[in-house]
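Residue numbers (the numbering used here), protein chains in the order written: chain A, 1 to 142; chain B, 1001 to 1142.
There are 2 protein chains.
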Amino acid sequence: MEKDLKIFEEICHKHGLKVTPQRMAIYKELINSKEHPSAVMIHERIRKYYPNVSLDTVNRTLITFSEIGLVQIIEGRGDPKRFDPNLRPHHHFRCLRCGEIIDFYNEEYDSLEVPEDLKEKFIITGKRVNLEGICDKCKNLN
Amino acid sequence: MEKDLKIFEEICHKHGLKVTPQRMAIYKELINSKEHPSAVMIHERIRKYYPNVSLDTVNRTLITFSEIGLVQIIEGRGDPKRFDPNLRPHHHFRCLRCGEIIDFYNEEYDSLEVPEDLKEKFIITGKRVNLEGICDKCKNLN
DNA sequence: TACTTATATAGTAGTAACTCCTACTTGTCA
DNA sequence: TGACAAGTAGGAGTTACTACTATATAAGTA
Chain A
1 MEKDLKIFEE ICHKHGLKVT PQRMAIYKEL INSKEHPSAV MIHERIRKYY
51 PNVSLDTVNR TLITFSEIGL VQIIEGRGDP KRFDPNLRPH HHFRCLRCGE
101 IIDFYNEEYD SLEVPEDLKE KFIITGKRVN LEGICDKCKN LN
Chain B
1001 MEKDLKIFEE ICHKHGLKVT PQRMAIYKEL INSKEHPSAV MIHERIRKYY
1051 PNVSLDTVNR TLITFSEIGL VQIIEGRGDP KRFDPNLRPH HHFRCLRCGE
1101 IIDFYNEEYD SLEVPEDLKE KFIITGKRVN LEGICDKCKN LN
């Protein structure tokens, strides 16, 4: 945890960002959350410690973090943005019924090659396999 | 085109949906659009022919269409929902700068196997590879 | 072809999730 | 330590739905 915060400070400095208490708090909440929180979720948790952090700050900060690679914005379907602090390469399964997004790991997927023609035409910075369907909990509901 | 509309009517009947002029118009706009329109885009185009179709109807209709498999909702990032009338198996590249979503085809990606453990635990209904980065237009801008 | 009824629709109001703006505050570097 | 660029709070504004209700209509039935 201490080490994480050291790394966080380094990354901020590297990108010319100031290390503020708000950013620290948001980052801590991110690495402590096992799911994929939205800005509102982070905001609610932080308010317990810093009662007057605004939602706007949380939103801006999360987007800033995504720009410097500290988190990723998950591909959703027009719902609120969800942020993913898991930086290990991984893939997503999304439940169409409850909306939950579940991380999974798969080496075959990780090692997928980007087609040559796309590599030449675009700059590719991210690659992920998305599966969708019904999760185990929802499957057993009816 | 005539044929498409016949098929459309059949699918509606099969799912117990009424064939209304609004639905017809929305479907026609969908199959005529090469990009991935949002509800607002469809609404604007339709208003030229049916000036008093409400946006709510367009939204509901598009979601209904996605439920019966006529279109797919694209995984986005909290922006407006985008609909994909392309039913051939394909994958997406998303430009992080301009937000455009570009279809591409790749047989290796199509034939990816779903890992056994996931297959057992969940019901998998969809599979897609998402790439992201900077598109050719944005790359040449600065 | 007229009737019936479950669906679908338009229009209005309401809500969620940002996003912008302005005045104030605070890290950072010289 | 002081100047200034960068960051923040709070409120107002915007976008994209989403819910509600009265009216209209597709499609089966007599």
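All C-beta atoms, glycine included, are put in the ideal place defined by N, C-alpha and C.
List, in chain order, every chain A residue whose beta-carbon is nearer than 7 Å to that of residue i.
i: B:L1055; result: Those within 7 Å of B:L1055 in chain A number zero; the least Cβ separation is about 14 Å.
i: B:K1121; result: D136
i: B:E1044; result: Those within 7 Å of B:E1044 in chain A number zero; the least Cβ separation is about 18 Å.
i: B:V1114; result: L131
Checking 9 Å against the spacing of the C-beta atoms, do residue i and residue j come in under that value?
i: A:D136; j: B:F1122; result: yes
i: B:K1127; j: A:L131; result: yes
i: B:L1070; j: B:Y1105; result: no
i: B:V1129; j: A:V58; result: no
i: A:S33; j: A:P115; result: no
i: A:F93; j: B:L1118; result: yes
i: A:R45; j: A:E35; result: no
i: B:L1112; j: A:L112; result: yes
i: B:P1037; j: B:R1082; result: yes
i: A:A39; j: A:L5; result: no
Whose CA, out of the options, lies closest to the CA of residue i?
i: A:Q144; options: A:E9, A:R88, A:H15; result: No answer is possible for residue 144 of chain A: the residues shown for chain A start at 1 and end at 142.
i: B:I1068; options: B:H1013, B:L1055, B:V1040, B:D1117; result: B:H1013
i: A:G76; options: A:L87, A:S111, A:I102; result: A:I102
i: A:I134; options: B:K1139, B:M1041, B:T1125; result: B:T1125
i: B:H1090; options: B:T1020, B:I1074, B:S1066; result: B:I1074
i: B:M1041; options: B:L1055, B:C1138, B:E1100, B:Y1050; result: B:L1055
i: A:V19; options: A:H43, A:T64, A:E108, A:Y49; result: A:T64
Kindly list, in the order they appear in chain A, the residues whose Cβ is closer than 9 Å to that of residue i.
i: B:T1125; result: L96, L131, E132, G133, I134
i: B:N1086; result: Ordered by position in chain A, no residue passes the 9 Å Cβ test against B:N1086, which lies about 16 Å from the chain.
Using the beta-carbon of each residue, which ones in chain A are nearer than 8 Å to residue i?
i: B:L1118; result: F93, F104, L131
Please list the partners that residue i has in chain B, where partner means a Cβ-to-Cβ separation under 9 Å.
i: A:K211; result: This structure cannot settle anything about residue 211 of chain A, because the visible part of chain A is limited to 1 through 142.
Item to complete: Scan the region 1001-1031 of chain B for residues whose Cβ lies nearer than 9 Å to a Cβ of chain A and list them as they occur along the chain.
Response: none
Worksheet item: For the region 69-81 of chain A, which residues have a beta carbon sitting closer than 9 Å to at least one beta carbon of chain B?
Response: I73, I74, E75, G76, R77, G78, D79, P80, K81
Item to complete: Jot down the residue ranges of each uninterrupted beta strand (DSSP E) in the region 1078-1115 of chain B, minimum 3 residues, whole runs only, in chain order.
Response: 1091-1095, 1101-1104
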